[in-house]
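The block underneath contains the structure these notes are about, expressed in structure tokens.
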Amino acid sequence: MLKLENITKRFGSVVANRRITLEVAPGEVLALLGENGAGKTTLVSILYGLYAPDEGRILLEGKEVRIPSPKAAQRLGIALVPQHPELIEAHTVAENLALGLDLPAVFSRRALVRRLRALLEGHPLGVDLEAPVARLSAGEKQRVELLRALLNRPKVLILDEPTSVLTPKEAEALFQEIQRLKAVGLSVIFISHKLDEVLAIADRIAVLRAGEKVGEVLRQEADKDLLVRLMVGRSLAPPPKVPPPREEVILEVEDLLVPRHGFPVQGVSFSLRAGEVLG
């Protein structure tokens, strides 16, 4: 469905993305994993038309495409649900959803609500269309963003850190919706740094570090230790315990007592050996 080939993006002397190649198939969830600063946001911005790549190309359904703007991305069938909702708080849910639709210059609010209800009929992401956005919870606002993205019938859906403001219950509801979207053939790019979520929802996992893709694995082949090593370049397992040194004891304290101001030091014992650093 969507393929990126050797994408490179520079900002002056800083290389934000270096020769990144990725592919996501219809009905597949590709997780994009990496620490802050790994290059995930830049790559998403290229896919959504906010940045142009300096090198490389993007193919959609086998054809090379150029994405000069978010509007162009939407026309191509690429939708983005941003990490932080970009809604107009003073407007209703219906009015915010209307911003993504092709509507006449003049229309009534009642007609808008009727049209949106028809478009959303049977959709599991229920939300009150006439509610002011300012009164919604963080999870409800994200549902509005997701509905706005889905109204345009996208082929590729990008979810940028989608659970950052969600409760565990809301996150579980989102995962159920992702599974439903997979079943109807939508390609999903799921961006996160949360290992549990990635292992729960992804079909494949691509890991970025310092602007480069350093690995790509199937979910069933991945575990937390492997993903951490790819993300940070080393294992986070505790270091092996070092046996105590056998050098000569050069300082030893036993049951130290300082009888001042209520015994601030009492019953302290330690020993220090040659060549040892004692913390």
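With full-length UniProt numbering, letter number 209 in the sequence shown gets 209, and the count goes up by one each step, no holes. All C-beta atoms in this analysis are idealised placements derived from N, C-alpha and C, irrespective of residue type, glycine included. Nothing here was measured: the structure is a model prediction, and the numbers come from that model.
query: Pairwise C-alpha distance: Gly39 and Ala131; result: 37 Å
query: Length of the line joining the Cα atoms of Arg204 and Arg57; result: 21 Å
query: Pairwise C-alpha distance: Gly215 and Gly185; result: 25 Å
query: Enclosing alpha helix (DSSP H) for Arg180 [first to last residue]; result: 168–183
query: The ligand ZN heavy atom lying under 7 Å from the CB of Asp223; result: What this structure holds is no ligand at all, so the ligand ZN is not there to describe.
query: Cβ-Cβ distance between Thr163 and Leu174 below 8 Å; result: yes
query: CA nearest to the CA of Glu252, picked from Val265, Gly267, Ser271; result: Ser271
query: For Gly49, three-class secondary structure by DSSP; result: coil
query: Gly267 in three-state terms, based on DSSP; result: strand
query: Three-state secondary structure (DSSP) of Val127; result: coil
query: Lys71 - containing alpha helix (DSSP H), residue span; result: 70–76
query: Cutoff 6 Å; reference Ala274; Cβ partners in own chain excluding five residues on either side; result: Glu247, Glu248, Ile250
query: Simplified DSSP state of Ala222, which is helix, strand or coil; result: coil
query: Expected contact under 8 Å - CB spacing of Glu170 and Gly139 to nearest Å; result: 4 Å
query: Val165, DSSP secondary structure in three states; result: coil
query: Identity of the residue in Pro68, Arg115, Ile46, Leu4 nearest Gly62 by Cα; result: Leu4
query: Three-state secondary structure assigned by DSSP to residue 298; result: Beyond the ends of the chain as shown, which are 1 and 279, falls residue 298; an answer cannot be given.
query: Whole-number beta carbon distance between Ser187 and Ala25, since they are thought to touch under 8 Å; result: 7 Å
query: Close beta carbons around Asn6, own chain, < 8 Å, minus the five adjacent residues each side; result: Arg19, Ile20, Thr21, Glu55, Gly56, Arg57
query: Reduced DSSP category for Val214 - H, G, I as helix; E, B as strand; rest coil; result: strand
query: Limits of the beta strand (DSSP E) - the one that Ala206 falls within; result: 204–209
query: Inter-residue Cα distance where the pair is Leu2 and Val277; result: 55 Å
query: Limits of the unbroken beta strand (DSSP E) element including Ala25; result: Looking at the DSSP string, Ala25 is not in any beta strand (DSSP E), and its letter there is neither H nor E.
query: Nearest-angstrom Cβ-Cβ length linking Ala149 and Ala79, presumed shorter than 8 Å; result: 4 Å
query: Span separating the alpha-carbon of Gln220 from that of Glu254; result: 55 Å
query: Residue range of the alpha helix (DSSP H) that includes Leu147; result: 138–150
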